[in-house]
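The structure appears below as structure tokens.
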Amino acid sequence: MDVPEDIRKALSEHPCFCEEAHHSFARMHIPVAPRCNIQCNYCNRKFDCCNESRPGVTSEVLTPDQALAKVRAVKKEIPQLSVIGIAGPGDPLANENTFDALELIGKEMPDLTLCVSTNGLALPDCAQRLYELGVRFVTVTMNCLDPEVGARIYDAVIFNGKRYGGVEGAAILRDRQIEGIRKCVELKMLVKINIVMIPGINDSHIPDLVKKVRDMGVYIVNILPLIPVEGTKFSDIPAPTPLERRDMMDRCELDVKMMRHCRQCRADAIGLLNQDRSSEFVHIEGCGLRDNPIDAQIMVHDESKVAVATRDGLNVDSGFGNASEFRIYATDGDTVRFLKTVEIDRSGTVAGEDHRQHIQSIVSKLKDCGTVIVEEIGPMPTRILAELGVKVVIASGDVNAAIRQSRK
Numbered sequence: 000m001d002v003p004e005d006i007r008k009a010l011s012e013h014p015c016f017c018e019e020a021h022h023s024f025a026r027m028h029i030p031v032a033p034r035c036n037i038q039c040n041y042c043n044r045k046f047d048c049c050n051e052s053r054p055g056v057t058s059e060v061l062t063p064d065q066a067l068a069k070v071r072a073v074k075k076e077i078p079q080l081s082v083i084g085i086a087g088p089g090d091p092l093a094n095e096n097t098f099d100a101l102e103l104i105g106k107e108m109p110d111l112t113l114c115v116s117t118n119g120l121a122l123p124d125c126a127q128r129l130y131e132l133g134v135r136f137v138t139v140t141m142n143c144l145d146p147e148v149g150a151r152i153y154d155a156v157i158f159n160g161k162r163y164g165g166v167e168g169a170a171i172l173r174d175r176q177i178e179g180i181r182k183c184v185e186l187k188m189l190v191k192i193n194i195v196m197i198p199g200i201n202d203s204h205i206p207d208l209v210k211k212v213r214d215m216g217v218y219i220v221n222i223l224p225l226i227p228v229e230g231t232k233f234s235d236i237p238a239p240t241p242l243e244r245r246d247m248m249d250r251c252e253l254d255v256k257m258m259r260h261c262r263q264c265r266a267d268a269i270g271l272l273n274q275d276r277s278s279e280f281v282h283i284e285g286c287g288l289r290d291n292p293i294d295a296q297i298m299v300h301d302e303s304k305v306a307v308a309t310r311d312g313l314n315v316d317s318g319f320g321n322a323s324e325f326r327i328y329a330t331d332g333d334t335v336r337f338l339k340t341v342e343i344d345r346s347g348t349v350a351g352e353d354h355r356q357h358i359q360s361i362v363s364k365l366k367d368c369g370t371v372i373v374e375e376i377g378p379m380p381t382r383i384l385a386e387l388g389v390k391v392v393i394a395s396g397d398v399n400a401a402i403r404q405s406r407k
């Protein structure tokens with residue numbers, strides 16, 4: 000495959016796209032993207048999990064400004080840093096912070112290569128925007144072509160504010176991935192495809208998938224072994240053996256270049272691929288990183304679900320921290336349907352550590368909602384919800400009107 004002249008040098012220094020580069024050049028993943036728009040049956044993402052090394056795991060979630068400060072600090076300590084990637088812990092393209100961070104870093108440090116890893120659901124809408132921000136390397140995790148196979152891999156796909164499952168959801172994801180990859184290739188971006196090899200689910204299907212992406216102009220393919228993770232639907236499926244994976248790569252390499260040096264990096268990985276130094280840079284002084292992070296799973300927010308601080312179900316009439324209950328609704332932007340009431344325990348104090356724990360308890364109860372509507376909210380819960388990718392709307396008056404307005 001011919002590589003565009005303007006990105007040849009960047010390619011030679013990109014440790015994930017160029018095997019020779021990973022011995023000499025370092026990468027840094029900035030975890031600015033907690034929100035995800037799909038739920039895979041092999042994925043369980045947690046905050047503050049410093050002892051695990053797998054995709055979707057991070058010890059902290061950063062704002063774009065915090066990410067910029069951390070990149071500055073890391074660059075001073077690791078001069079061979081060449082690539083800044085965004086790979087989660089959710090899907091980068093489901094988070095506006097991704098684009099803000101890319102813009103900040105690209106403007107201040109144009110010598111660094113920008114890279115994004117995505118499931119591809121939002122890629123058709125974002126490819127041009129990524130290109131304009133200077134991104135020339137995109138990785139798409141694509142595990143199948145057949146929606147029947149995809150229905151076994153993906154539990155939910157959230158698209159245009161609606162939740163899809165089964166074959167329907169898998170078909171939407173597949174079609175969007177293909178469209179997004181084509182747009183990136185047309186823009187002369189280099190595309191890498193990650194395929195998670197899941198024994199008994201998609202392994203026999205992988206060679207056909209590789210042929211398809213080859214024909215689309217993909218630069219390189221990375222076949223990853225399933226990591227059975229506790230708390231997921233695939234926790235009992237054994238990982239493919241190294242020999243099984245190697246045989247699959249040997250077979251597929253007849254069609255397209257294979258990445259054989261992947262380390263299945265964390266969402267906050269730093270350093271050479273075989274020498275992750277992320278633990279050295281957690282909570283760096285001066286970067287304003289979050290203290291006392293919430294110990295909670297990063298959820299796939301259902302964009303159709305809205306939490307409203309209301310006592311009577313008619314009006315938005317409570318602040319976030321002083322609400323006695325939240326009512327949960329489902330909406331498509333036109334219709335509004337009541338789902339349930341979430342009671343809030345207000346027996347504790349409203350100051351100091353008790354207040355923080357009270358706020359975190361509320362956040363934990365609402366974290367599967369895509370939007371929270373309140374009459375008022377303080378800076379701490381605003382920041383925490385933003386880091387989780389939850390949209391906050393300040394409103395008063397009619398509940399139904401506020402919910403519909405929140406979708407515009």
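Be aware that the sequence shown starts at 0, since it is given in my numbering, and climbs by one per residue. Note that CB positions come from ideal geometry on N, CA and C, so glycine has one too.
Cutoff 8 Å; reference G149; Cβ partners in own chain excluding five residues on either side: N142, C143, V166, G168, A169, A170, L172 and R173
Collapsed DSSP secondary structure at S454 in the structure displayed: This structure leaves residue 454 out entirely; the chain is present only between 0 and 407.
Short Cβ contact (7 Å threshold) for N193 with L223: yes
Burial state of G388, where buried means 16 or more other Cβ atoms lie within 10 Å: buried
Boundaries (first-last residue) of the beta strand (DSSP E) holding L338: V335 to E342
Stretch-stretch touch, CB-based, cutoff 8 Å, three pairs: the region 323-335 with the region 188-203: Between the region 323-335 and the region 188-203, the count of C-beta pairs closer than 8 Å stays below three; the two stretches do not touch.
Separation of L67 from G105, as counted between CA atoms: The C-alpha of L67 is placed about 10 Å away from the C-alpha of G105.
DSSP-derived helix/strand/coil call for Y153: DSSP places Y153 in strand when its eight states are reduced to three.
C-alpha gap between F337 and G369, whole angstroms: 15 Å
Distance CB(A400)-CB(I372) smaller than 7 Å: no
Paired residues, beta bridge with M257 - DSSP: Answer is V220, bridged to M257.
Candidates H13, I6, S23 and R34: closest to K390 by CA position: R34
Range of the contiguous alpha helix (DSSP H) that encloses I37: No alpha helix (DSSP H) contains I37, which is instead part of the beta strand (DSSP E) from I37 to C39.
Extent of the continuous alpha helix (DSSP H) run through I180: G165 to E185
DSSP beta-bridge partners of R162: I157
Where N96 falls, given that 16 or more other Cβ within 10 Å makes a residue buried: N96 should be labelled buried.
Nearest-angstrom Cα separation, counted from D316 out to D344: 17 Å
I327 vs A308 beta-carbon contact at 7 Å: no
Option nearest T340 by Cα separation, candidates K211, G318, D311 and Q79: D311
For C42, the first and last residue of its enclosing alpha helix (DSSP H): Run containing C42: none; DSSP gives neither H nor E here.
Cutoff 8 Å; reference V228; Cβ partners in own chain excluding five residues on either side: Y41, C42, N43, R53 and S234
Straight-line gap, N221 to K366 (C-alpha atoms, nearest Å): 32 Å
Whole-angstrom distance between I269 and L103, CA atom to CA atom: Approximately 19 Å between the Cα atoms of the pair.
Backbone CA spacing between R259 and S395 [nearest angstrom]: 55 Å
Test item: CB-CB of T112 and A20 under 7 Å: no
Where A306 falls: helix, strand or coil (DSSP): strand
Buried or exposed (CB count within 10 angstroms, at least 16 for buried), S203: exposed
Per DSSP, cross-strand counterpart(s) of V137: For V137, which the question treats as bridged, DSSP gives the partners V115 and V190.
Residue nearest to L101 in terms of C-alpha spacing, selected from V115, K182, T140 and D90: Nearest neighbour of L101 by Cα position, chosen from V115, K182, T140 and D90, turns out to be V115.
Proximity winner among H357, R406 and Q127, relative to I383 (alpha-carbon distances): H357
E374 versus K364, V398 and Q359, residue with shortest Cα-Cα distance: It is V398 whose Cα lies nearest to the Cα of E374.
Residue of E243, N36 and E131 minimising C-alpha distance to G164: N36
Cut-off 6 Å between Cβ atoms - residues of its own chain near E12, not counting five sequence neighbours on either side: The beta carbon of E12 lies closer than 6 Å to those of A20, F24 and S81 in the same chain, with the five residues before and after it left out.
Which listed residue (I200, C125 and P3) has its alpha carbon closest to that of D90: Residue C125 is the option with its Cα nearest to D90.
For I77 and L122, the rounded distance between their alpha carbons: Answer to the nearest angstrom: the Cα atoms are 31 Å apart.
Chain-order list of residues whose beta-carbon lies under 6 Å from that of V134 (same chain, five-residue window excluded): Hits under 6 Å: L113 and V115.
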